[in-house]
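Student: Protein chains in written order, with my numbering: chain P, 4 to 339; chain L, 4 to 339.
Right, I'll just put the structure down here and ask away after.
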DNA sequence: TTGTACGCGTTATCAC
DNA sequence: GTGATAACGCGTACAA
């Protein structure tokens, strides 16, 4: 069944049938009626390839996730939530989502090449972009449409992105630790090749510095994974911190395990704050004080942004800063 | 840059250029050389839409995940692992993956319609198919290419799928509980609208029946989610079971929580066995005895199967049964 | 308001 | 081996 057949059955030309489908104004009510009826009874859907060929739009947006080990699966629900958010926006605007996942330990170059080569999607949502990321560099250089879900590591002024105020949120978390009277506050950072990690460190450092509590030896460069939290906390314990702010919840979980194994108590001996408010934050004992941000909203905002950009409804570059919120729980002496 | 331009630069006709790209035998070494060189220096990629239009193949496979709440994200890494497996197979055969996620509480009908309407993918991978699933019914009825990652709820003889031996694995888990001397073995089932849940119940029931230990009141219909494990275990405790086999690890986690809250010990008072060997299985205390199956392998096998089916390399219908393994841990008195 | 005719970038089918 | 040329199914400028 093709458009031609629909037109024939509705006794109009193919052009008119096409106009009906594309909501063109210049169609008589009568003709429109007839065409719609035939479309309905034939369950007709236009061939997307033919359509793409002429309109140069596939209505597909791509999502690239370049690092999956320990992040995509494992104890971290960040990407699933992000995808869920993207899916909602994508559905709403009648698009589809093409998903690119890096293989377990694929080098970024190979992954980038694969994503770039396929030219199906109209635009891309980029996640976990690192400094000198080949995929990112390529997209910028070739002027291809994309948005990011974090602050970009470079070219921030000519890239569109959705992010949260990492510096501010980290500062808020740190202030909270200061307010409950902690004096030796450690920081296990997130990945410092990703802007999120860098900004959180910045917010932390500023805040402790202002309070006269900056101790460089209490800052440990880590990653968004439980093992790092665990191992780095073990290194920190001999330095006698009374609080630790972790760049991510999973790292915080690892840190708490290390603290408990050392025979210390949370929060009495060491208070712990995480970041992200993942599901696990409430599943451990004590429940984790953390920074909440709605990952799903970030995803749907990013998708909407990309589509608006593609449709010319929004100017490029465009930035969104999504709100965060400090959630106080047992790990810093709150309830739960 | 289109094929025409490449041909011109290489001083051949468009046909010959096309032949080179599609590895046609009838091209002189000389011509091939020239074309390849131009393609290389121009970084040329054929327009996928044009190609799809004529070949009727998009080299895209779709993945439909109709239930996301409490499953896609949350404490369950099943889908992410599945996607990762699919991605690997899809990459290897130079395809792409289109992901369809249901909205939070979207009814199956709406979701099915959305997935079916878009005709981009050549075939679909269906997950979490329930009895009378509209998407499933549609695919079967309209003879569209798809494979499932569980045993289908119907038409098993004319549907291609990848699954595990749920009956056998559940029997093995149950036998293990019997072997360690348990007499009152309960079962919190998985979702009984999904074949996996039904088959696991079947394996359980057969095994306890053979041992003369079947007590219907100890069988609780549940779902693959922690809340269900928790609540149903609370109902079970007054019935004094000395073991419980849960249809999924997350339910088992909930069950353990209920047991602990009742002041009982695992495994001393009640031994617990899960199913799936999710990440969380080793993250709780005591670590969970469970049935392991490589979800990633299921994903990649399913994708490979679908592509082989589409390419005519395999006959439809085709079934794969992937291996499982009982992993004994602390929750039934093993190590850890 | 409607229809004709052309073009989108490929692959497939022919002759040569 | 190679090169015209006809599809593939649709959108749209232009003419009517």
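Positions of the beta carbon are idealized from the N, C-alpha and C atoms, including for glycine.
Among 250/L, 279/L, 232/L and 293/L, which one has its Cα closest to the Cα of residue 263/L?
Tutor: Along the second chain, read from residue 1 onward, the residue named residue 263/L stands at position 260. The option with the nearest alpha carbon to residue 263/L is 232/L.
Student: Residues in the same chain with beta-carbon distance under 6 angstroms from residue 142/L, minus the five sequence neighbours each way, listed in chain order, please.
Tutor: Numbered from its first residue, the second chain carries residue 142/L at position 139. 149, listed in sequence order.
Student: At 8 angstroms on the CB atoms, spell out the chain L contacts of residue 82/P, in chain order.
Tutor: By one-based count along the first chain, residue 82/P stands at place 79. Under the 8 angstroms cutoff, chain L gives 83.
Student: To be precise: take each residue of the segment 84-116 of chain P, compare its Cβ to all Cβ atoms of chain L, and keep it if any distance is under 7 angstroms. Which residues remain?
Tutor: If the cut-off is 7 angstroms between Cβ atoms, the segment 84-116 of chain P has 84, 86, 87, 90, 91, 94, 99, 100, 101, 102, 104 and 106 near chain L.
Student: So what's residue 357/L in DSSP terms, helix, strand or just coil?
Tutor: Absent from the structure is residue 357/L, since the part of chain L shown begins at 4 and ends at 339.
Student: Assess, as a yes-or-no matter, whether the segment 51-66 of chain L is touched by the segment 112-130 of chain P under the definition of 3 or more beta carbon pairs within less than 8 angstroms.
Tutor: The segment 112-130 of chain P, when compared against the segment 51-66 of chain L, does touch it at the 8 angstroms Cβ threshold.
Student: Please list, in chain order, the chain P residues whose beta carbon lies closer than 7 angstroms to that of residue 53/L.
Tutor: In the second chain, residue 53/L corresponds to position 50, counting from 1. The contacting residues are 56.
Student: Please check the pair residue 304/P and residue 325/P, which I expect to be a contact at CB under 8 angstroms, by giving their CB distance rounded to whole angstroms.
Tutor: Taking the first residue of the first chain as position 1, residue 304/P is located at position 301. Taking the first residue of the first chain as position 1, residue 325/P is located at position 322. Between residue 325/P and residue 304/P the Cβ distance is about 7 angstroms, and since that is below 8 angstroms, they are a contact.
Student: What residues in the segment 116-142 of chain P have a beta carbon less than 7 angstroms from any beta carbon of chain L?
Tutor: Residues 117, 120, 121, 122 and 123.
Student: Between 8/P, 295/P, 21/P and 312/P, which lies nearest to residue 173/P when the distance is taken from Cα to Cα?
Tutor: Residue mapping note: residue 173/P aligns to position 170 of the first chain, counting from 1. Per the Cα distances, 295/P.
Student: In chain L, which residues lie less than 7 angstroms from residue 48/P when you measure between Cβ atoms?
Tutor: Looking up residue 48/P in the first chain gives position 45. Per Cβ cutoff of 7 angstroms: 120 and 122.
Student: Express the C-alpha separation of residue 161/P and residue 101/L in angstroms, rounding to a whole number.
Tutor: The residue you call residue 101/L lines up with position 98 of the second chain. The residue you call residue 161/P lines up with position 158 of the first chain. Approximately 29 angstroms, taken between the alpha carbons.
Student: Compare the C-beta of residue 61/L with all C-beta atoms of chain P and state if any pair is closer than 8 angstroms.
Tutor: For the purposes of this step, residue 61/L is identified with residue 58 of the second chain, where counting begins at 1. For residue 61/L, the answer is yes, since a Cβ of chain P falls inside 8 angstroms of its Cβ.
Student: Taking Cβ-Cβ distances shorter than 7 angstroms, what residues in chain P pair up with residue 71/L?
Tutor: To locate residue 71/L, count along the second chain from 1; it is residue 68. Those within 7 angstroms of residue 71/L in chain P are 87.
Student: Does residue 265/L come out as helix, strand or coil in the three-state DSSP assignment?
Tutor: Locating residue 265/L in the second chain gives position 262, where the first residue counts as 1. Note: residue 265/L maps to coil in three-state DSSP.
Student: How about residue 206/P and residue 225/P: do their beta carbons lie closer than 8 angstroms?
Tutor: If you number the first chain from 1, residue 206/P lands on position 203. If you number the first chain from 1, residue 225/P lands on position 222. No; because the gap between Cβ atoms is not below 8 angstroms, this pair is not in contact.
Student: Would you call the segment 179-193 of chain P and the segment 206-216 of chain P touching, i.e. three or more CB-CB distances under 8 angstroms?
Tutor: At 8 angstroms Cβ cutoff, the stretches touch.
Student: Give a yes or no on whether the C-beta atoms belonging to residue 353/L and residue 255/L are separated by under 8 angstroms.
Tutor: Residue 353/L lies beyond the stretch modelled for chain L, which goes from 4 to 339, so this question has no answer here.
Student: Looking only at its own chain, which residues have a Cβ that is under 8 angstroms from the Cβ of residue 68/L, when we skip the five neighbours before and after it?
Tutor: In the second chain, the residue the question calls residue 68/L occupies position 65. Hits under 8 angstroms: 75, 82, 102, 103, 104, 105, 130 and 131.
Student: Identify whether residue 230/P lies in helix, strand or coil by the three-state DSSP scheme.
Tutor: For this step, residue 230/P is matched to residue 227 along the first chain. Three-state result, residue 230/P: helix.
Student: Rounded C-beta distance between residue 275/P and residue 290/P? I'm assuming under 8 angstroms.
Tutor: If you number the first chain from 1, residue 275/P lands on position 272. If you number the first chain from 1, residue 290/P lands on position 287. With a Cβ gap of about 10 angstroms, residue 275/P and residue 290/P do not count as contacting.
Student: Is it buried or exposed, residue 151/P, if we count other Cβ atoms within 10 angstroms and call 16 or more buried?
Tutor: By 1-based counting over the first chain, the position of residue 151/P is 148. So residue 151/P ends up on the buried side.
Student: So the beta strand (DSSP E) residue 102/P belongs to, where does it begin and stop?
Tutor: Here residue 102/P corresponds to residue number 99 of the first chain, with the count starting at 1. Taken as a continuous stretch (DSSP letters only), the beta strand (DSSP E) holding residue 102/P covers 99-104.
Student: DSSP beta-bridge partners for residue 276/P?
Tutor: Locating residue 276/P in the first chain gives position 273, where the first residue counts as 1. According to DSSP, which records beta bridges pairwise, residue 276/P is partnered with 248/P and 292/P.
Student: Do the CB positions of residue 198/P and residue 155/P come within less than 8 angstroms of each other?
Tutor: One-based indexing of the first chain puts residue 198/P at position 195. One-based indexing of the first chain puts residue 155/P at position 152. Yes.
Student: Return yes when the C-beta of residue 265/L is under 7 angstroms from any heavy atom of the ligand ADP, and no when it is not.
Tutor: Ligands in the displayed structure: none, and consequently the ligand ADP is not present.
Student: How is residue 171/L classed by DSSP in three states: helix, strand or coil?
Tutor: Within the second chain, residue 171/L is the residue found at index 168, counting from 1. DSSP places residue 171/L in helix when its eight states are reduced to three.
Student: Any idea if residue 87/L is buried or exposed, counting beta-carbon neighbours within 10 angstroms, 16 or more meaning buried?
Tutor: As a first step, residue 87/L must be located in the second chain, where it is residue number 84. Residue 87/L comes out buried.
Student: Can you look up residue 93/P in the DSSP assignment and give me helix, strand or coil?
Tutor: Taking the first chain and counting its residues from 1, one reaches residue 93/P at position 90. Here residue 93/P sits in helix by DSSP.
Student: Helix, strand or coil, according to DSSP, for residue 346/P in the structure here?
Tutor: Since the displayed chain P opens at 4 and closes at 339, residue 346/P lies outside it and no answer follows.
Student: Enumerate in chain order the residues of its own chain whose CB-to-CB distance from residue 114/P is below 6 angstroms, with the five nearest sequence positions on each side excluded.
Tutor: In the first chain, the residue the question calls residue 114/P occupies position 111. Correct list, in chain order: 69 and 105.
Student: Take residue 99/L and list the residues in its own chain whose beta-carbon comes closer than 6 angstroms to its own, dropping the five residues that flank it on each side.
Tutor: Taking the second chain and counting its residues from 1, one reaches residue 99/L at position 96. Excluding positions up to five away in sequence, the list reads 63.
Student: Could you check the C-alpha separation between residue 248/L and residue 328/L for me, to the nearest Å?
Tutor: Stepping through the second chain from its first residue, residue 248/L is reached at position 245. Stepping through the second chain from its first residue, residue 328/L is reached at position 325. Using only the alpha carbons, I get a separation of about 15 angstroms.
Student: Out of 19/L, 176/L, 48/L and 210/L, which one is the CA nearest neighbour of residue 277/L?
Tutor: Translated into positions along the second chain, residue 277/L becomes position 274. Looking at the Cα atoms, 176/L is the closest of the given residues.
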